[in-house]
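Going left to right, the sequence shown walks through residues 6 to 1018 as the working numbering numbers them.
The block underneath contains the structure these notes are about, expressed in structure tokens.
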Amino acid sequence: MTQIAPPTTQAVTAILLEAGIEVDTSPRRLAEYSYDASNYRVEPIGVVFPHDADQVAAIIQACHETGTPVTGRGGGTSMAGNAVGPGLVIDTSRFFNDVLEIDEENLWVDVEPGMVLATLSARIEAHTSGRLTFAPDPSSKNRATVGGAIGNDACGNHSVRYGRTSDHVVEIDLVTVEGRRLTATASGVRATNANDVAAVRHAAAMTDSLESLVQENLAGFRTDLGQIQRQVSGYHLEHLLPEKGFNIARAFVGSEGTCGLVVRARMALVQKPASALLLCVGYPDVVEAARDIETILEFSPAAVEGIDDAIVATMKSRRGEDSVTGLPEGKAWLYIDLDGTDPESVRTQAGNLLEKLRGIGRMVDGRVVPDTVERASLWRVREDGAGLSARLSTGGESWPGWEDSAVAPAKLADYLADFRDLLADHGLQGVMYGHFGAGCMHVRITYDLRSDAGRKVFREFTAAAAALVVSHGGSLSGEHGDGRARSEFLPLMYSPAMLTAFEDFRAIWDPTGLLNPGVMTSPDAFDENLLLAGVPERQWRTSFDLTPASGKTGDGLDPFVRAVQGCIGIGRCRSATGGVMCPSYRATGDEKDSTRGRSRVLQDMVRGAKTVEEGWKSKEVREVLDLCLSCKACSTDCPTGVDMATYKSEFFSHYYAGRMRPLSHFSLGWLPRWLKITGRVAPLVNAVMGSPLGKLVSAAGGLTTQRALPRFASGSAWRREVDAALAAAPRQRVGPPRTLAGSGARTPRATATENDAVAGRDTAGAVLFVDTFTRGFRPEVAGAAARVMVGTGEPVTCSAEACCGLTYISTGQLGTARRLLNQAARVLDDGTERPIVVIEPSCAAALSKDLPELVHTDAARRVAARVRSFAGHIAALAADGWTPAPAAPVPASVVLQTHCHEYSVFGAAIQRRALAALGVANVTDATGCCGVAGNFGFEADHYEVSMKVADLALAPAMADSEPEVPVLADGFSCTMQVAQLDAGRRGLHLAELLDPQSATDHLRSTTHPKEHP
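Structure, rendered in structure tokens:
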């Protein structure tokens, strides 16, 4: 192990501050960067965010002068512990992330190291009209960076066709440990700046040393290295051989930041295939699937990926049955991607392959998947595999540690059979997925890393697994690098002479051992610095019931600890596209504003780390939660199901106990109380708030003065709307009699059947729940919803005598929230199984999810199970054959803004299914949070971020549509953002689109627009 003196924070930061480079040494920041996506936790002394190569050189030179270790980091997605280390962490992803040039003629791109791979591919494809792309596509491509891909020699799903990152590198500009600027090329190494005399001399000396290293190890480099497609373990020194052209650039790839830091790279581009088709084949298990790989490879596929049924079961349990559609029968599946220039020939090839596999007889079922939407859905199951397999539907946990071994594809089946036996011998289970076509297997294993006994099994099993893969002629790492997880076991794979060559190669680049110490050579023990070790046993009292949905854990671990440790660093929350998570990170680009960053600080809180040692009163946790919008999208989009909105509410309830809350917690958090008052004097309140005095009132309540406030409705307005809906209902009714009772409004005399429905003795029909927001601000929507519900022909009752407590939940006032939810459960638990249809989607989500987690009664669980959002109810009715009234003027196009809470609790497709029933042909989906998110967008300190979030999806979708195109925004907060973005445009509730009267009013208002109040 390399012995490095403990770094001195003050010395290195002083040098960098003098150079104008800030080092963040705050406890919160150190907690965020103590983790990556591995099993390890190593606390740095500071984090630096360089803007350019000059700053990187200055940082490393300062570290060299002071003996401070350096760890390079991109997206922080390493599962081997490559992106954590002592000393300074240099994060290039935040500012150092641009595309500098795309050369279509010579097929290369010049790019900075912090550029995200998926963004790079998208930029290239847009620039070349879809002709060219960047090939490496690991599952983490929407957050992993170019620098990280070079460091680990990342591969991806299509490596069968395109190989590894090292196959696509042209030149790499890098900074050495002394701060020298060099360029590694396909034929040597040179000074990046030919006028830098010291760098020229350094490059010449390095060239001489590297040439000597090759001459001393010609035989070993030829016989021991590069023997299988995915031999990623160790340094890739075969590229230094004379017959390989002394390719320094390719030899540098995979060095995991131990030789220098990438500051710029020229990477090769490939032609994008004109036609592609997915063939999905089911098997009884992964071993049988692997036995068909050689046959499949005869058909030159672009990708052959595999998953097992544990991942599929977890996907369905977390995101609903419709999250996985189109899989054939089986317990394990291969995704075979075929491509070419001619669609017909690709289809023929797929048919021939499927016929041949059927003839062999190992497969259970198979099908060709031509539909691009269905293909994307199936690929997401595979790409989310690492996260999904971490927190299984059974309630168990699995961890990395042996997730990345590789063998020749022809040996994969035998290796997996032996590996499965090895798991059983150690009492472990493995969730298997990976790049079957390249022989690279990802396995997450049910280790117990919290106990001494479990960690002993971890060591014994890993040593045995390393020996097993070597016995099959394989590699410890097939994609993610050796890092802290596998470097210790390199002596099992390589001879002492080869290990010495590795040490010599590293020393030529970094004789000090300051660059990413503890990995590759002189490694730390693989079971040191485990993040689950040393977490004190403590019971964290919570209001929310945070036990897993399955309830099957059996290890006695505190539920809050288990919940916050749910984040394993996958980093999907750092992606810029796809899904809704995490809106604040997308707006700021700061790790602290990602779900992962927040989770890591919470994890340091429960472990009592010195970085975050105040528990529920931690200012670091309060700071990292500040820009969380409580949108709940992470509970769906995060592969491990982290629900940061819930954790934020829980933390706030403790943090503010006994201390003064922000003013907005009273003005907005107590909104249901204020609405009872404003409902009595609405005209006066509206007059005041619309005058100059209104801004003073807003500021006094901690609200922004830059946002238009809603107009308050009188307390009886919604009742009048309901009465009007009843009066307008046709007397000739289809189906059972309807009632609309419980509203406090005068209703027609009820028949005996109607009285039974009101009393809860008739299980037909539905309960329309008019929530606080609808009563207080949008009474017209209550009328529209009532008319639509009555028009379905089913009995309808109405309830408005309860509150979901949402504003209290989001501000962490959980005592009041629980009281209100208890009351809601009593009111709504009527002894029937009728759907409870909630007009406001955020209130529906609170009743469905928060109610049973805060109120631990059978009544609460019964009510929660019956709750539907209005859109969900419409979609369910449509599935049963209902169609909307023909009198409703169906719009040809709609801009859709799905409320985040509806998205997370009821599913992303709810609104689209409802619109399909309505017959809307063109839907522009503003996928993402609107930015208001309940309290957040109204708070003075959060307005700017709120508008940045709106600019991500909603604002562009509205700007790209015609003014007369309706904006569908069921959420009240979403309608407020719509009005803020365009005062002449009103966000409509789905009920208003389905209701002929409301739709007609809307068309009239777009023809003769008036200012939104």
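C-beta atoms are modelled at their ideal positions from N, C-alpha and C, and glycine is treated no differently.
Between the CA atoms of residue j and residue i - distance to the nearest angstrom
i	j	result
G523	R489	7 Å
V202	A210	12 Å
A704	T710	7 Å
T569	G989	Here residue 569 is Val; the residue named in the question, Thr, does not match the sequence. Roughly 43 Å separates the two Cα atoms.
T18	N222	41 Å
V47	S39	5 Å
L632	P1001	40 Å
V61	R195	18 Å
G1019	L21	The structure shown does not extend to residue 1019, since the chain is modelled only from 6 through 1018, so no value can be given for it.
V182	F778	60 Å
E619	G663	15 Å
C587	S640	11 Å
L339	D57	43 Å
R491	M368	34 Å
A958	I844	24 Å
A913	R601	22 Å
D642	A962	21 Å
Beta-carbon proximity check, residue i vs residue j, cutoff 8 Å
i	j	result
A468	C905	no
R678	R148	no
G707	S658	no
G231	L495	no
I312	R372	no
V872	V970	no
P375	M84	no
R166	D178	no
M1027	T263	This structure gives no information on residue 1027, because the portion of the chain shown stretches from 6 to 1018.
A88	R99	no
Own chain partners of residue i with C-beta closer than 7 Å, once the 5 adjacent residues on each side are dropped
i	result
F549	T651, E655, E858, L859
V606	R33, A36, E37, V617, E625, V626, V629
Q985	R712, A713
A295	L417, A418, L421, F441
G250	A191, S192
G571	R396, T645, G646, V647
Contacting residues, own chain, Cβ-Cβ under 6 Å from residue i (five flanking each side not counted)
i	result
T547	F565, E655
Y420	V412, H477
D609	A36, T616, V617
V317	V329
G942	G936, S951
D409	S482, G483, E484, H485
S144	E388
Extent of the continuous beta strand (DSSP E) run through residue i
i	result
Y438	435 to 440
C979	First-last for C979: 977 to 986, but that is the alpha helix (DSSP H), not the beta strand (DSSP E).
D96	93 to 96
L995	Note, L995: premise wrong, no beta strand (DSSP E); alpha helix (DSSP H) at 995 to 999.
G205	Looking at the sequence provided, one finds Val at residue 205 rather than Gly. Careful: V205 lies outside any beta strand (DSSP E), inside the alpha helix (DSSP H) at 202 to 221.
D344	337 to 345
I450	445 to 450
D108	104 to 108
Range covered by the alpha helix (DSSP H) that runs through residue i
i	result
N357	348 to 365
Y167	164 to 167
T779	777 to 782
D631	Premise fails: D631 is in no alpha helix (DSSP H) and is neither H nor E.
R385	377 to 388
V832	819 to 833
S658	649 to 660
T600	600 to 612
Contact set for residue i: own chain, Cβ-Cβ below 8 Å, skip 5 residues either direction
i	result
D29	G51, V52, V53, F54
G881	The question names Gly, yet the displayed sequence has Ala at residue 881. Closer than 8 Å at Cβ, skipping near neighbours: P840, R873.
Contact test: residue i Cβ vs the ligand MG heavy atom, cutoff 7 Å
i	result
D347	What this structure holds is no ligand at all, so the ligand MG is not there to describe.
Length-filtered (4 minimum) alpha helix (DSSP H) runs lying within the region 471 to 538: Look at the region 471 to 538 and you find these whole runs of alpha helix (DSSP H), each 4 residues long or longer: 488 to 491, 495 to 498, 501 to 514.
In chain order, each alpha helix (DSSP H) run of at least 4 residues that lies wholly inside the region 848 to 931: For the region 848 to 931, the continuous alpha helix (DSSP H) assignments of 4+ residues that do not extend past its boundaries occur at 856 to 859, 863 to 871, 875 to 884, 905 to 911, 915 to 923, in sequence order.
Ordered list of alpha helix (DSSP H) runs contained in the region 928 to 966, each at least 4 residues: Listed in chain order, they are 948 to 955, 959 to 964.
Completely contained beta strand (DSSP E) runs for the region 125 to 159, where each covers 3 or more residues: As far as the region 125 to 159 is concerned, it has no whole beta strand (DSSP E) run of at least 3 residues.
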